[in-house]
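Novice: Structure provided below as structure tokens; questions to follow.
Number of protein chains: 4
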Amino acid sequence: MIVVMEPGAPEKQIDTVVRRIEELGYRTHVLRGVEKTVIAALGDEREKMRLQALRSLEYVEDVVPILKPHKLASRTWKKESSLVPVGPDVAIGGPEFVVIAGPCSVESEPQIMETATVVKSMGARILRGGAFKPRTSPYAFQGLEEEGLRLLAKAREQTGLPIVTELLNPYHLEQVAEYADMIQIGARNVQNFALLKEVGRAKLPVLLKRGMSTTIDEFLMSAEYVLSEGNANVVLCERGIRTFETATRNTLDLAAVCVLKRHTHLPVIVDPSHGTGNWQYVTPMALAATGAGADGLMIEVHPDPTVAWSDGPQSLRPDKFRELMQKLRPFVAAAERTLAPMEG
Amino acid sequence: MIVVMEPGAPEKQIDTVVRRIEELGYRTHVLRGVEKTVIAALGDEREKMRLQALRSLEYVEDVVPILKPHKLASRTWKKESSLVPVGPDVAIGGPEFVVIAGPCSVESEPQIMETATVVKSMGARILRGGAFKPRTSPYAFQGLEEEGLRLLAKAREQTGLPIVTELLNPYHLEQVAEYADMIQIGARNVQNFALLKEVGRAKLPVLLKRGMSTTIDEFLMSAEYVLSEGNANVVLCERGIRTFETATRNTLDLAAVCVLKRHTHLPVIVDPSHGTGNWQYVTPMALAATGAGADGLMIEVHPDPTVAWSDGPQSLRPDKFRELMQKLRPFVAAAERTLAPMEG
Amino acid sequence: MIVVMEPGAPEKQIDTVVRRIEELGYRTHVLRGVEKTVIAALGDEREKMRLQALRSLEYVEDVVPILKPHKLASRTWKKESSLVPVGPDVAIGGPEFVVIAGPCSVESEPQIMETATVVKSMGARILRGGAFKPRTSPYAFQGLEEEGLRLLAKAREQTGLPIVTELLNPYHLEQVAEYADMIQIGARNVQNFALLKEVGRAKLPVLLKRGMSTTIDEFLMSAEYVLSEGNANVVLCERGIRTFETATRNTLDLAAVCVLKRHTHLPVIVDPSHGTGNWQYVTPMALAATGAGADGLMIEVHPDPTVAWSDGPQSLRPDKFRELMQKLRPFVAAAERTLAPMEG
Amino acid sequence: MIVVMEPGAPEKQIDTVVRRIEELGYRTHVLRGVEKTVIAALGDEREKMRLQALRSLEYVEDVVPILKPHKLASRTWKKESSLVPVGPDVAIGGPEFVVIAGPCSVESEPQIMETATVVKSMGARILRGGAFKPRTSPYAFQGLEEEGLRLLAKAREQTGLPIVTELLNPYHLEQVAEYADMIQIGARNVQNFALLKEVGRAKLPVLLKRGMSTTIDEFLMSAEYVLSEGNANVVLCERGIRTFETATRNTLDLAAVCVLKRHTHLPVIVDPSHGTGNWQYVTPMALAATGAGADGLMIEVHPDPTVAWSDGPQSLRPDKFRELMQKLRPFVAAAERTLAPMEG
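Chains as they are written, first to last, in the numbering used here: chain U, 364 to 707; chain P, 364 to 707; chain B, 364 to 707; chain S, 364 to 707.
Structure, rendered in structure tokens:
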């Protein structure tokens, strides 16, 4: 931690700051520059928020942290990339580029069965589908709840695809865990620390989506909540951030994939459906994700998006999803990864 | 709802869209402009997300909603401003400009007692203090939990100030409700819909903070979650949004106060402590809030911010808080509101 | 400047970095923390961008500047607040709270004459009006050009108000300087360094507007361009930044006023017309600006905004401007500033 | 254009709005919904900014444009993609994926000669290099100016690569045009309309970079400025936008490429050097750009970035650039485009 003093800070005040830092258990080193004096605090910064409080002292201009606050999620702590198994024979983070696909919401048995069959035949490896839905409006469809979970399990039985579904409420963890192979924590809950701790104690792998205004550092701290409770199987998902640009629903931050792959050993996938909010942009951004170094994709597919109960505008029809998977193949090869074969 | 067709959309496709809209229960009206055709859908837009799905049809360029999605929170629905009572003799939203003050976290009995006594003597009307703390890092102090609630209740007993404290986890609602006069939902939980529904069924007034990247429309929809469960006592709090500017912790969006006061009957207060993240900017932004039309303030005060367990940099020392309250008085008068007198 | 090395950086690489820093003329100091090594570079950072290049060395994680890059604009360099004279008897930055008002564009003689007379009678001290207009569309009205300047001068003659008008093109400097009392550099040109250098060599005071995505540090560097060419009379204007929120045209960053007043001696005014883009929010944000510590306001006024050639939605009718000035008076008094009296 | 009236707007006011719209030369159509009345204005929206002024009328809630404001840049106006020739044998926008490479600034003859030779041998087709540099600080290196232009011309002579260089000041257009094959307008000047008009009258192709907070619609309007002056050879360049995320210098908005390719016939390239600000992320984002549908890249290369006078942190060493070009080849093939061969 570096404490920067304002120009003209009196010696007495510099001494006060030094003493405070040492009381908190750090060694100090005072550096006198041309205009400003800087105090380096050496020691473990796990307690760095406490040092931030020094900013409330007069003549302290800034307190600059040096260590990243995350630990278990960090590549400094664990150098090799992690492999997160989902169901009996899929793993994210290895040589295979894993495509997760399915509808935004589970709506009916025919809808989920048809989608599951179709996406499997085209090379998807995990089925997604929402049973509990976070909706901006209390008047919008909130999901089929347990009935939705049952239908997902039925689709898994039929296709063999493991299933991932979102958890909104700690009350439902047990119920969701009974059916799902992987638990999704959505963008709006990325800093719902009560929920993160809860899934940290669960046995299932966790798909953690970045929030709309979560920095990469905060995103890793949210992963740290899950890891620090003992659950090492976390997959991160970039799904777009909120910016001034309104031509797309969100701004898909593909550089975040590079930054994450550098700083963490956890796998990183990309969701171009939410990331763009428009089916016309899903395929190019899926292709782009391979270049950025992603370990896989999450794609919304619906048999008829025009009647979807949620996220219709960004869902692909089965024929468009087939096209995506066909175009994806040479890009995955260019990235020196493998893709599950298309059937038939 | 206005459906905009791309230039050159074939008649057949326009017919398809019209039919779809009518199937969803709307009347339609087709308007042919010079370059584009536009289809107006007349009817209740409560189901508007369904219409959004039309964007997945080819040749549909855009779907523009006309009605605001909120209802109970809207001034169209209720014209007079709402008054939200907190404890036996305070109410937010009336002629009184209400100041809420207290530490970020409850840390100890002397700390909360001293703060409560001091802020009361200077004209604060409600005591704030966190017992359950949402922290970016799992390794940071997470709050004194029930012990914190007990200390808050003790401070109320001594000073008569009603207390507001944050709820993070639906599991703790009963416990928090036992002690608190008002429940705070923090910025990170503004779209934690499970939690919103839970406090919507509680009897206590709710202080709902805007999220770091929540639009004003989404903020009102989150209030709508609470209102639609039957709890009419919601106070909104602007606390800064996330932008590219890093000179302040957040960008305090005071114009949001004007926009909210225009569109909703609910009271709106401002938190310049989180809004700026720097004690040096708290007082001027508190004064500014009066001009913007706020119904009150929420201010972090700590007996010694340099040893605060959280949010030290943005907390005011008692002498600085006194200064704020003194400067505030003529601004509140200029805004034609009243402020509780300072003691002694 | 602090150079942060990655964990595990080899000694040899640390030596290389130290040597490079010393070659650039800095003294170095190596600090070895628990996880990371940090190298402090002591010396003048005027050349700091050169040090940034060290980030391209392997094992260098970050390069953190300590000194602010601005000099002449800084309060460290000049402690007392600057007073910028505009015309013979107005000055911005002193005890008087100065209101600049007028139409977005000069449209006709009756329009500018009527507006000038009206705003003067209500207490405005400087007349604004655009003769050269920066328009997003090449097909939109681009201003009356020299004819506009002539009409402004005529309005000055009639009312005695000094005039401020925007300069877009270095070619027009001489022409504009012939008529105007103050030159405005608009938000879109805040980093048009060719133009900044040009007005830095002019004799007239400069009104510099913050860009839509200009950080406060960059804003001060743009002022530094003008100051470093020898023109000391710069007034800064906060006019809203671009964020994800669309309920207002921009997000008026009033905290920027506090930050600027702390770091620079230059006067700071606020433009709530562009800052909100909506006449309904102009008055409350104007009142709020007094609390934030602004030295004045810039307000768009038009005899009939519904027929304005530009910025109609955010312009005030004369009766609304009178209301603003009436409400403003007690706020200016609360801020311990003075306001020119209203006539009649 | 759709004018939305507030709920409860009186009939008289609706009539007033209708009359105003008709006075501006539009046909109107009044649609009465359940809660709100909406007035459709049919006609050419070239004058739409005038209609926006209706928002200043009471009871007008919103004015929603339907037509995009750009014309010459639009695919509606010209369906086939444009091909922009640069120098005698390069063209951007066709089957070839064109790589532009070179240093941020021209610093010396050996530097530019070495870089030009090296990037050519690896498959770059155009040489970039700044002679006039837009720098945040007036104290930073501002470019070699005409000497820089001369060195660029010498490098072209030696390698045959056409050159692109930035124009900052309309005064220098003639000088720059004498040497360059393509004129770059930088991000900070994207709304410097004086400069845009100037290059619109030039004979050379223009490389127009998106500004840090320019929306895609505004970006196209800036292109429209150049096109409407008669210069049809415009190439757009996505180079990152400003968001809350600070892990990268900018947030590279690759989805903007898809949106642009859909709405305009102009070629679109990507600059991952400025887009990320960190050499470690340049290669993955370059690869990603192929998937997004870009027509080429602009990459900063420097013989020794650690001594670069500007942009060192984001510049590639020649060996890293070679690696980029090698990895790029299969991605370009996957995108069904061609890439110039590597020599030797």
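Built from N, CA and C at the ideal position, the CB exists for glycine as well.
1. Our contact map puts Ile-475(S) next to Leu-524(S) with C-beta atoms below 8 Å; I'd like the distance itself, whole angstroms only.
2. Where do the N-terminal and C-terminal ends of the beta strand (DSSP E) with Cys-600(U) fall, by residue?
3. If you follow the beta strand (DSSP E) that Met-545(B) is part of, which residue opens it and which one closes it?
4. Name the residues in the segment 385-404 of chain P whose C-beta lies less than 8 Å from a C-beta of chain S; which are they?
5. Could you name the residues of chain U that Pro-693(S) contacts, counting a contact when the two beta carbons are closer than 8 Å?
6. Could you tell me which residues DSSP puts in a beta bridge with Met-368(S)?
7. Run through the DSSP bridge pairs and tell me what Gly-493(B) is partnered with.
8. Nearest by alpha-carbon distance to Leu-446(U): which of Gly-506(U), Val-469(U), Leu-515(U), Val-598(U) is it?
9. Considering only C-alpha positions, which residue in the set Ala-372(P), Val-423(P), Ala-454(P) is nearest to Gly-659(P)?
10. How long is the line joining the alpha carbons of Asp-634(B) and Val-562(P), rounded to whole angstroms?
11. Give the range of the alpha helix (DSSP H) segment to which His-626(B) is assigned.
12. Between which two residues does the alpha helix (DSSP H) harbouring Leu-536(S) extend?
13. Please state whether DSSP places Ala-454(S) in a helix, a strand or coil.
14. If the cut is a Cβ gap below 8 Å, which residues of chain P does Gln-538(B) touch?
15. Taking the alpha carbon of Asp-616(P) as the reference point, which residue from His-637(P), Thr-627(P), Val-449(P), Thr-669(P) has its own alpha carbon closest?
16. Closest by CA to Leu-420(B), which one among Arg-382(B), Thr-609(B), Val-482(B)?
17. Tell whether a beta-carbon distance below 9 Å holds between Ala-698(P) and Phe-694(B).
18. Given that Ser-576(P) touches chain B, what residues does it touch there, using C-beta distances under 8 Å?
19. Taking all protein chains shown into account, decide if Ser-678(B) is buried (16 or more other Cβ within 10 angstroms of its Cβ) or exposed.
20. Got a sec? Which residues, its chain only, sit under 7 Å from Ala-565(U) by beta carbon, not counting five neighbours each side?
21. Tell me the residue span of the alpha helix (DSSP H) that contains Glu-385(S).
22. Between which residues of its own chain and Ala-657(P) is the CB-CB distance below 7 Å, once the five residues before and five after are set aside?
23. Run through chain P and tell me which residues come within less than 8 Å of Met-648(B), C-beta to C-beta.
24. Give the single residue among Lys-483(P), Tyr-389(P), Thr-701(P), Val-461(P) whose Cα lies nearest to the Cα of Ile-365(P).
25. Figure out for me which residue from Leu-435(B), Tyr-422(B), Ala-404(B), Pro-451(B) has the closest Cα to the Cα of Pro-428(B).
26. Does the segment 455-475 of chain B come close enough to the segment 506-516 of chain B to have 3 or more Cβ pairs within less than 8 Å?
27. Please identify, using Cβ separations under 9 Å, the residues of the segment 365-383 of chain S that lie next to chain P, in order along the chain.
28. Would you mind stating whether Arg-519(P) and Ala-479(P) have Cβ atoms separated by less than 9 Å?
29. Taking C-alpha atoms, which residue in Gly-603(U), Ala-703(U), Pro-497(U) lies nearest to Val-645(U)?
30. Could you check which residue in Tyr-588(S), Met-575(S), Pro-501(S) has the C-alpha nearest to that of Ala-550(B)?
31. Kindly identify the DSSP beta-bridge partner or partners of His-392(B).
32. What residues in its chain sit with their C-beta under 8 Å from that of Arg-438(P), if we drop five residues either side in the sequence?
33. Quick check on the burial criterion: 16 or more other C-beta atoms within 10 angstroms. Buried or exposed for Glu-601(P)?
34. If you scan the segment 633-696 of chain P from start to end, which runs of the alpha helix (DSSP H) of 4 or more residues do you find wholly inside it?
35. Only counting the same chain, and skipping five residues up and downstream in sequence, which positions put a Cβ closer than 6 Å to that of Val-393(U)?
36. For the putative contact between Thr-701(P) and Phe-460(P), defined by C-beta atoms under 8 Å, what is the C-beta separation to the nearest angstrom?
Specialist: Inspection of the coordinates gives the following:
1. Contact doesn't hold; Cβ gap of about 11 Å is too wide.
2. 597-601
3. 545-548
4. His-392, Leu-394, Arg-395, Gly-396, Val-397, Glu-398, Lys-399, Val-401, Ala-403
5. Pro-693, Ala-696, Ala-697
6. Under DSSP, Met-368(S) takes part in a beta bridge, and its partners are Val-423(S).
7. Ser-468(B)
8. By alpha-carbon distance to Leu-446(U), the top candidate from Gly-506(U), Val-469(U), Leu-515(U), Val-598(U) is Val-598(U).
9. Ala-454(P)
10. Each residue's Cα considered, the two are about 40 Å apart.
11. Element bounds for His-626(B): 618-626.
12. 536-542
13. Strand, per DSSP.
14. Ordered by position in chain P, no residue passes the 8 Å Cβ test against Gln-538(B), which lies about 36 Å from the chain.
15. Cα-wise, what sits closest to Asp-616(P) is His-637(P).
16. Ranking Arg-382(B), Thr-609(B), Val-482(B) by CA distance to the CA of Leu-420(B) puts Arg-382(B) first.
17. yes
18. Taking a Cβ-Cβ cut-off of 8 Å, the neighbours of Ser-576(P) in chain B comprise Phe-607, given in sequence order.
19. So Ser-678(B) counts as buried.
20. Leu-536, Ala-540, Ile-546, Asn-594
21. First-last of the alpha helix (DSSP H) with Glu-385(S): 374-386.
22. Val-620, Val-631, Ile-632, Val-633
23. Leu-617, Ala-618, Cys-621, Gly-654, Ala-655
24. Taking only the C-alpha atoms, the option nearest Ile-365(P) is Tyr-389(P).
25. Checking every option, the nearest Cα to that of Pro-428(B) belongs to Ala-404(B).
26. Touching, yes, given that three or more Cβ pairs across the two stretches are closer than 8 Å.
27. Ile-365, Val-367, Glu-369, Pro-370, Gly-371
28. yes
29. Gly-603(U)
30. Met-575(S)
31. Ala-403(B)
32. Arg-625, His-626, Thr-627, His-628
33. Counting the other Cβ atoms within 10 Å of the Cβ of Glu-601(P) gives 16 or more, which makes it buried.
34. 635-639, 642-655
35. Ile-402
36. Their Cβ separation, rounded to whole angstroms, is 7 Å, which keeps Thr-701(P) and Phe-460(P) in contact under 8 Å.
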